[in-house]
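Presented below is the structure to which this report refers.
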Amino acid sequence: MTSALYTSAPDPSVERHTFSVLVENEPGVLARVIGLFSGRGYNIESLTVAEVDSVRRLSRINLVTTGSRMIIEQIKNQLDRLVPVHKVHDLTVEGAHLEREIALIKVVGKGEKRVESLRIADIFRAHVVDSTDKSFVFEMTGRPDKIDAFIRLMEPLGLIEISRAGVVAMSRGTDGI
Amino acid sequence: MTTVPTKTETQAMTGAEILVQALADQGVEVVFGYPGGAVLPIYDALFRQNRVRHILVRHEQGAVHAAEGYARSTGKVGVVLVTSGPGATNCVTGLTDALMDSVPVVCLTGQVPTHMIGNDAFQEADTIGITRPCTKHNYLVKQVDDLARIVHEAFYIARSGRPGPVVVDLPKNVVMAAGEYVAPTNLDEPRHASYRPQLDPDRAKIEAAIEMIASAKRPLFYTGGGIINSGPQAVEKLREFVRLTGYPITNTLMGLGGYPASDKQFLGMLGMHGTYEANLAMAECDLMIAIGSRFDDRVTGRLTDFSKGSKKIHIDIDPSSINKNVRVELGIVADCGRALAAMVELWKKRRHKPDAGALGAWWDKIATWRAKDCLRYRQSADVIKPQYALQRLYEATKGKDVYFTTEVGQHQMWAAQFLKFEEPKRWMTSGGLGTMGYGFPAAMGVQVAHPDALVIDVAGEASFMMNMQELSTMMQYRLPVKAFILNNRYMGMVRQWQEFFHGGRYSESYMDSLPDFVKLAESFGANGVRATKPEEVDQAIRTMIETPGPVLADILVDQEENVYPMIPGGAAHYEMKLGPDHGELKETTDKGMVLV
Ligand SMILES: Cc1ncc(C[n+]2csc(CCOP(=O)(O)OP(=O)(O)O)c2C)c(N)n1
Ligand SMILES: [Mg+2]
């Protein structure tokens, strides 16, 4: 396997994987995870973290990364090796799962463009959470690719700012993590 | 988090007293350290007791390497105590070394008081941040009541699973506060909430492995430091299994001593400067059985051409070692000793017999590689060949209670080639990090653990100068370490690469203004001895061994000797270079040639 950081040509075998990692909610645990990725040259497309169990003091990290199959397997094993990590789930290999993201999108414009942005927002089920006579802030929840699509459509209509929360993910069906 | 020892008895003590009590309860006999402001309360607590001994080193890097030497020669955890800021940063090389070579070390670092953390206080460093990537785990102790639990946990993490260094950062106010001590429970295998190394192998995988091993035609065992770290069971079961099968075995640099070097099934070390037979067997085997080894790039050479025709079984306690560099057909996560015990049992139960015809043909092939006699070198009547000096050293120490450490460079590779290890834990070298300056302090740690043994650091003169201050420590504690310095007046390994790959331009690799090592020894109150001609080598070795106390032996060797065989970095095993005159060497005079 070649280094994840210095691969020369774009590798056709690169896959996108979504991980959910249960960790001890203690100071420094996020730094360990991020340091692992930067130190070993792994890619982070999205990362979210929040406490999910205040009694057992567990946090959940949702992580979207890319790499060849060997790199993805390494990422899983390297994460698992960190002392405060309880469980690592590669949701992409474990079966059907959901991915959701929330985004705030600010669009400034007048006239027909303004009307058009509202019409598209309606189709995408984005809500207006702030407006002035020249601007809207849309709030949208959905799959990351749906948010990408919405943003693309807003570009010619006066898009000026985007804020995205990153991916949260969960397996479908009855099984818990 | 986690290991919650039951409070058997609790009593109010200071943090420093709690720390010392925890060390004693963890079976710590000795700590290698250096004081400073942030750890003065701990030094005060050490002063007022006599269970834990303290060895005052002369540089904190020396303390970590000494702890490594202690750990690797005993199998116990090595312990370091240093102050905040520069004390902690001086440990970084040693910690990285211990991480790369899987050495169990607990490093206690002082820290500024909690209320000053983050204020750029005097001798403040972000020790946790700095050491995060060079430790297996690290802890900042924020309250005295967490202290005992964290120290016990640190020892467990350091010694269990794939061993490694653990840092415990101790703010001064925490070690001064009054708190309660909790004793460790269940020293061997405490339950940890999130850290649970997998020790037992998957039964079905062991069965699959046995079938692959039984049906192999050109099998090879390739074992590493994991065998030694795993302990006596792994060493014993490896011997048994290798002999049961009759298959050849090679060891990594870290794995030397895991299998007896004198055994006829042993092919020597593999890798960049490994033997011809070991590397060609790797290239041409049809089944590679990797146990406690990690397919390091110095072992594999060019990955795309690495042993293309073989199936591979890889047994390791660290899941991330499997399929990291080389894809294997069967990966088994387990403690090497337990996996080997299960394999031996199953092999016997199924009454497996290797394919005698195929195995015979495989050994015949290996015999032709062995006949190359790849470690052969041209003896000289006027200058000391480093290989010769090491052969004589080996002969003079064979059968003795002897431990070897090394520095890093040519001398290290020659030591690996020419010293023979029959047992584990007798050979301590910096493999993964390649740390010049490792060997001398590591030898000191070995000597502390084995006061009556002969402990020899095989050194290069450049490496030796990186941590030679520890001679002062050795004098203070009467640690009779011997440094066998193969002095070529060059950073030999650098010079060799410059000769091969940089047109012979020896940029900054000549060691100018070297000290007189004999006088240097004398200035510390130690002894020195020098050999400049081949006929002086034996006497110098004898003097070195027989003179009480530390001795520096300055062996002036051939300046431009190169290490062979060599697989150039990024080349494949079959592109191995033998010596410059290998094959052309005319077997005319027996004297001119030394056989190994
Ligand atoms: C701390 C450190 N710095 C630099 C190197 C790179 N390096 C590897 S071998 C070597 C030369 C070692 O010279 P010496 O100790 O005299 O050993 P020799 O090769 O001559 O036997 C150097 C500089 C290293 N391994 N470690
Ligand atoms: Mg040298």
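Top line first, the protein sequences correspond to chains A and B. Heads up: the first sequence begins at 33 in our numbering, then just goes up one per residue. Heads up: the second sequence begins at 776 in our numbering, then just goes up one per residue. Idealized CB from N, CA, C, for every residue including glycine. As the structure is a prediction and not an experimental result, all values here were calculated from the model.
Proximity test, residue i beta-carbon vs ligand 2 heavy atom, cut-off 7 Å
i          : result
Gly1235(B) : yes
Asn948(B)  : no
Met1266(B) : yes
Gly811(B)  : no
Asn1263(B) : yes
Gly1345(B) : no
Gly1174(B) : no
Gly1184(B) : yes
Rounded distance between the beta-carbons of residue j and residue i, thought under 8 Å
i          : j          : result
Val942(B)  : Thr902(B)  : 7 Å
Glu77(A)   : Val96(A)   : 4 Å
Leu1289(B) : Arg1317(B) : At roughly 24 Å, the Cβ-Cβ gap does not stay under 8 Å, so Leu1289(B) and Arg1317(B) are not in contact.
Gly1033(B) : Leu1062(B) : Wrong, their Cβ atoms sit about 19 Å apart, outside the cutoff.
Ile817(B)  : Leu856(B)  : 7 Å
Asp1313(B) : Arg1167(B) : 6 Å
Gly790(B)  : Val949(B)  : 5 Å
Gly1235(B) : Gly1267(B) : 6 Å
Lys145(A)  : Leu185(A)  : No, Lys145(A) and Leu185(A) are not in contact; Cβ-Cβ is about 11 Å, not under 8 Å.
Lys1195(B) : Ile1231(B) : Not really, about 14 Å apart at Cβ, beyond 8 Å.
Short Cβ contact (8 Å threshold) for residue i with residue j
i          : j          : result
Val878(B)  : Glu843(B)  : yes
Pro972(B)  : Tyr931(B)  : no
Gly1106(B) : Ile1092(B) : no
Val147(A)  : Lys166(A)  : no
Pro759(B)  : Pro1325(B) : Outside the shown range of chain B (776 to 1371) lies residue 759(B), about which nothing can therefore be said.
Cys1060(B) : Leu995(B)  : yes
Arg1077(B) : Gly1345(B) : yes
Gly885(B)  : Ser859(B)  : yes
Val1338(B) : Gln1271(B) : yes
Ile1024(B) : Gln1040(B) : yes
Thr1204(B) : Leu1327(B) : no
Thr50(A)   : Leu123(A)  : yes
Val926(B)  : Ala797(B)  : yes
Gly999(B)  : Gly1043(B) : no
Ser52(A)   : His121(A)  : yes
Met875(B)  : Gly1207(B) : yes
Glu1182(B) : Gly1220(B) : no
Ser848(B)  : His1186(B) : no
Within chain A, the residues that residue i reaches when beta carbons sit closer than 8 Å
i         : result
Arg907(B) : Gly60, Ala63, Arg64, Gly67
Interface partners of residue i on chain A, CB under 7 Å
i          : result
Asn1262(B) : Going along chain A, no residue has its Cβ under 7 Å from Asn1262(B), so there is no contact; the nearest lies around 37 Å.
Asn1098(B) : Met102, Glu105
Ile903(B)  : Gly60
His912(B)  : Val115
Arg1073(B) : In chain order: nothing, as chain A lies at least about 16 Å away.
Arg1069(B) : Under the 7 Å cutoff, chain A gives no residues; its nearest Cβ is about 13 Å from Arg1069(B).
Arg924(B)  : The contacting residues do not exist; Arg924(B) stays about 13 Å from chain A at best.
Under 9 Å by beta carbon: chain A residues contacting residue i
i          : result
Arg934(B)  : Per Cβ cutoff of 9 Å: no residues; Arg934(B) is ~14 Å from chain A at best.
Asp1093(B) : Asn109, Arg113
Arg1077(B) : Residues of chain A passing the Cβ test: none, with the nearest at roughly 11 Å.
Distance cut-off 7 Å: residue i Cβ against heavy atoms of ligand 1
i          : result
Gly736(B)  : The structure shown has nothing for residue 736(B), since chain B only spans 776 to 1371.
Leu54(A)   : no
His834(B)  : no
Val839(B)  : no
Met1241(B) : yes
Ser1238(B) : yes
Val1269(B) : yes
Partner residues on chain B for residue i, Cβ-Cβ distance less than 8 Å
i        : result
Gly73(A) : Chain B residues near Gly73(A): none, gap ~13 Å exceeds 8 Å.
Partners in chain E for residue i, counting only beta-carbon separations shorter than 7 Å
i         : result
His840(B) : You won't find chain E in this structure, because its protein chains are A and B.
heavy atom of ligand 3 below 7 Å from residue i C-beta
i          : result
Gly1209(B) : No copy of ligand 3 appears in this structure; the ligands present are ligand 1 and ligand 2.
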